[in-house]
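Numbering follows UniProt numbering, in which position 211 of the sequence shown is assigned residue number 211; successive positions increment by one, without gaps. What follows is a single structure, written as structure tokens, with notes after it.
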Amino acid sequence: MVVIPTVTGLSTGARLLSGPRTIARASRASPSSLPSLCYLKKSYYSPQRRSVLPARKLVIRAARTESKGVSLGFRAPNFELTEPLTGKVWNLDDFEAYPALLVMFICNHCPFVIHLKKDIVKLSNFYMKKGLAVVAISSNSVVTHPQDGPEFMAEDAKFFKYPFPYLYDESQEVARDFGAVCTPEFFLFKKDGRRPFELVYHGQFDDSRPSNNMPVTGRDLSLAIDCVLSGQPVSSTQKPSIGCSIKWNPGGKQ
């Protein structure tokens, strides 16, 4: 049986600048309900080269949590986090020169993240060449999940050849400031001139899950990135990402 835990609301660190976002929560959305106005021929997502995977008998027993609670227009909060692989400290200003920034909350052990890891790397490589800045953050407690600690993060980043920095949020304050609740969770920000990064997409990678036999395409996220990089509006109809809940420190605030 899949357990769906109760998810708390946003922390005080999150700043909301616009009205509520619209989220399509239907399990199966028609193609017309997803952003299509800025589909590009050279997009990462290409249905012509994707095929349906054969049915597999795979059961994932993990708590499922939906990304929610953060409104479009939300300004990217500042952060200062260390990259375990290199020891370098990164902050939001390091991405100031880029027109768009993708912030991903992931971890090592989550089956929902493992299901997407290779394609996250492929998508990131594709769009980083087009000007997208990408950063991944792990905020999981090492008290309850030591396999998500800095040493293992560095090994994971090296093994999968992450083209983006994979940062460790030891205090979990950055996750709270972003309003992140699950892994994977995707925040796509755009930047207009000197204005701060503003959230334009907070949704799923695609419809694929570890046990639903749907191919991984990156459709939803790649369409949003295409819109941002081509200067076109991103549809406000966005399906939430689904994954494991962030593992908060025992006894800490959530």
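We put the beta carbon where it would ideally sit given N, CA and C, even for glycine.
Taking residue i as the reference, give the member of the options with the closest Cα.
| i | options | result |
| --- | --- | --- |
| Leu116 | Asp169, Ser245 and Thr217 | Thr217 |
| Pro112 | Leu223, Gln204, Glu170 and Ala157 | In the sequence as presented, Pro is not what sits at residue 112; that position holds Phe. Looking at the Cα atoms, Gln204 is the closest of the given residues. |
| Phe178 | Tyr45, Tyr44 and Ser67 | Ser67 |
| Val200 | Tyr44, Glu173 and Asp226 | Asp226 |
| Ala97 | Ala224, Tyr45, Phe197 and Ala180 | Phe197 |
| Pro210 | Pro233, Asp192 and Ile242 | Ile242 |
| Gln238 | Gly251, Ala224 and Ser124 | Ala224 |
| Gly251 | Thr144, Gly87 and Ala157 | Thr144 |
| Glu83 | Gly231, Glu170 and Arg219 | Glu170 |
| Ile114 | Ser230, Gln232 and Ser208 | Ser208 |
Assuming residue i contacts residue j (C-beta within less than 8 Å), just tell me the rounded distance between them.
| i | j | result |
| --- | --- | --- |
| Pro184 | Phe126 | Not confirmed; about 17 Å, so no contact. |
| Asn108 | Phe152 | 5 Å |
| Tyr44 | Leu102 | Actually they do not touch by this definition, with Cβ atoms about 12 Å apart. |
| Val121 | Lys161 | 7 Å |
How about residue i and residue j: do their beta carbons lie closer than 7 Å?
| i | j | result |
| --- | --- | --- |
| Ala100 | Leu132 | yes |
| Lys190 | Val135 | no |
| Asn249 | Ser138 | no |
| Leu85 | Ala154 | yes |
| Tyr166 | Ala157 | yes |
Determine the direct distance from the alpha carbon of residue j to that of residue i, and round the result to whole angstroms.
| i | j | result |
| --- | --- | --- |
| Gly69 | Ile246 | 15 Å |
| Ser236 | Leu72 | 8 Å |
| Gly149 | Leu81 | 14 Å |
| Ala76 | Phe187 | 9 Å |
| Ser222 | Pro163 | 17 Å |
| Arg64 | Pro215 | 19 Å |
| Asn78 | Glu173 | 11 Å |
| Lys41 | Asn213 | Low per-residue confidence applies at Lys41: pLDDT is 49, beneath 50, and the placement is therefore not dependable, though the value from the model is reported in the following sentence. Roughly 26 Å separates the two Cα atoms. |
| Lys118 | Gly193 | 33 Å |
| Val234 | His202 | 11 Å |
| Arg195 | Asp93 | 12 Å |
| Phe74 | Pro146 | 32 Å |
| Cys182 | Asp206 | 15 Å |
| Asp90 | Arg219 | Here residue 90 turns out to be Trp, not Asp, going by the sequence shown. Roughly 29 Å separates the two Cα atoms. |
| Ser230 | Pro240 | 23 Å |
| Cys244 | Met128 | 27 Å |
| Phe95 | Lys130 | 14 Å |
| Gln232 | Cys110 | 33 Å |
So that I know if they touch, is there some Cβ in chain B lying closer than 7 Å to that of residue i?
| i | result |
| --- | --- |
| Val135 | Structure shown: chain B not included; a single protein chain is present. |
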